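Have a look at the structure below before the remarks.
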Amino acid sequence: MSAPLIEVKNLQRYFGAAAKPVRAVDDVSFSIQPGETLGLVGESGSGKSTIGRTLLRLIDATSGQVLYRGEDLGTASSSRMRALRSKLQMIFQDPYASLNPKMRVKDILGEALQVHGLAKGKEAREARIAELLELVGLRAEHASRYPHEFSGGQRQRIAIARAIALEPEFILLDEPTSALDLSVQAQIIDLLRKLQNEKGLSYLFISHDLKVVRALCHRVMVMQHGKIVEQGPVADVLTNPQTEYTARLVRAAFEIAA
Numbered sequence: 343m344s345a346p347l348i349e350v351k352n353l354q355r356y357f358g359a360a361a362k363p364v365r366a367v368d369d370v371s372f373s374i375q376p377g378e379t380l381g382l383v384g385e386s387g388s389g390k391s392t393i394g395r396t397l398l399r400l401i402d403a404t405s406g407q408v409l410y411r412g413e414d415l416g417t418a419s420s421s422r423m424r425a426l427r428s429k430l431q432m433i434f435q436d437p438y439a440s441l442n443p444k445m446r447v448k449d450i451l452g453e454a455l456q457v458h459g460l461a462k463g464k465e466a467r468e469a470r471i472a473e474l475l476e477l478v479g480l481r482a483e484h485a486s487r488y489p490h491e492f493s494g495g496q497r498q499r500i501a502i503a504r505a506i507a508l509e510p511e512f513i514l515l516d517e518p519t520s521a522l523d524l525s526v527q528a529q530i531i532d533l534l535r536k537l538q539n540e541k542g543l544s545y546l547f548i549s550h551d552l553k554v555v556r557a558l559c560h561r562v563m564v565m566q567h568g569k570i571v572e573q574g575p576v577a578d579v580l581t582n583p584q585t586e587y588t589a590r591l592v593r594a595a596f597e598i599a600a
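Just so we're aligned: the sequence shown equals residues 343 to 600 in our numbering.
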């Protein structure tokens with residue numbers, strides 16, 4: 343097996359008073375291989391999103407390490423983190439909230455390219471924007487529109503285009519399909535899988551929806567009260583859960599619809 347792309351060691355993130363802290367992330371360790379999708383599931387408040395934000399150093403860890411290609415992100419300088427941002431991207435739950443409503447799509451994508459010094463010059467930038475839109479199933483003429491002129495699924499495609507514009511190796515997907523209806527969810531999952539196959543991307547996929555996790559992820563971790571209570575290949579965990587908590591999540595996800 344190759345070296346992990348992302349390695350998380352004994353990660354802790356506490357909130358509140360030191361005397362009685364809330365242990366949002368409590369001694370969590372895991373790794374993500376190149377080209378792998380790791381799912382992270384659990385009920386609301388279990389600590390899933392806190393792991394994601396701590397992993398990308400949007401918030402600082404209380405203790406523990408996050409390593410990207412062996413480099414400790416917790417000790418990286420601000421300028422080093424800025425340089426690494428292109429390699430470590432994030433796609434949020436609500437694409438409308440994450441896209442500036444006053445900017446056209448070409449400016450949203452162009453800004454990302456400009457900040458990181460990619461596709462220099464107007465012609466190169468326009469060609470790259472058209473290429474990105476095509477990659478996510480949109481058309482070049484969509485570049486001149488504003489976010490409100492698109493459906494929810496199309497807006498999420500724009501958010502995905504912005505993330506892959508920087509040629510990342512890793513993307514944190516925080517509930518990226520939960521605001522979409524089922525048919526659009528399936529299209530976005532297909533798109534994420536296609537981009538992963540083409541570009542060798544690694545994903546951490548945070549979700550409460552085990553059906554979507556089953557469709558996209560290779561392995562899954564189950565989180566409860568800040569701890570990982572179970573993990574393994576998706577098929578193993580979902581067909582033969584080892585904890586009552588996981589079994590309850592599986593029953594809620596699959597038996598009601600059966």
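Glycine included, each C-beta is placed from N, C-alpha and C at the ideal position.
Values in this document were obtained by computation on a predicted structure and should not be read as measured data.
For residue i, the three-state DSSP class (helix, strand or coil)
i	result
Gly289	Nothing in the structure corresponds to residue 289, since the chain is present only between 343 and 600.
Gly459	coil
Met423	helix
Arg470	helix
Leu604	Nothing can be reported for residue 604, as the shown portion of the chain is limited to 343 through 600.
Glu413	strand
Ala599	For Ala599, the predicted model reports a pLDDT of 48, less than 50, meaning its position is unreliable and no value from the coordinates is stated.
Gly406	strand
Ala418	coil
Arg365	strand
Ala373	Checking the sequence, you will find Ser at residue 373 rather than Ala. If DSSP states are grouped into helix, strand and coil, Ser373 belongs with the strands.
Leu537	helix
Pro437	helix
Val585	It should be pointed out that residue 585 corresponds to Thr in this sequence rather than to Val. DSSP places Thr585 in coil when its eight states are reduced to three.
Arg399	coil
Bridge partners - residue i, DSSP secondary structure assignment
i	result
Tyr545	Thr379, Ile513
Leu475	In DSSP, Leu475 forms no bridge with anything.
Leu430	Phe512
Ile531	In DSSP, Ile531 forms no bridge with anything.
Ile348	Ile374, Tyr410
Burial state of residue i (16 or more Cβ within 10 Å)
i	result
Pro437	buried
Gln456	exposed
Leu524	exposed
Ser388	buried
Ala600	At Ala600 the pLDDT is 42, less than 50, meaning the model places this residue with poor confidence and gives no usable figure here.
Phe492	buried
Glu517	buried
Pro575	exposed
His484	buried
Gly358	exposed
Residue from the options whose Cα sits closest to the Cα of residue i
i	options	result
Gly568	Ile348, Asn582, Asn352, Arg590	Asn352
Ala366	Ile570, Glu597, Pro575	Ile570
Ile513	Val364, Ala403, Leu426, Ile433	Ile433
Pro563	Ile500, Ala359, Ser344, Thr379	The amino acid at residue 563 is misidentified as Pro; the sequence shows Met. Measuring from the Cα of Met563, the nearest candidate turns out to be Thr379.
Ser486	Lys444, Ala466, Ala454	Lys444
Glu511	Ala403, Gln498, Gly542, Arg499	Gly542
Arg399	Leu558, Ser419, Ala589, Gln527	Ser419
Ala345	Arg411, Tyr587, Asp369	Arg411
Gln527	Asn539, Leu558, Thr588	Leu558
Ala472	Asp578, His560, Lys448	Lys448
Lys462	Leu508, Gln498, Arg497	Leu508
Ala555	Leu451, Val592, Tyr356, Ser386	Looking at the sequence shown, residue 555 is not Ala but Val. Minimum Cα distance to Val555 is reached at Val592.
Gln529	Tyr545, Val478, Leu546	Val478
**OP:** Entirely within the region 545-582 and at least 4 residues each: give me those alpha helix (DSSP H) ranges in chain order.
**Re:** You should have 552-558, 576-581.
**OP:** Write down every uninterrupted run of the alpha helix (DSSP H) in the region 480-505 whose length is 4 residues or greater and which is fully enclosed by it, in chain order.
**Re:** Fully enclosed alpha helix (DSSP H) runs of 4 or longer: not present.
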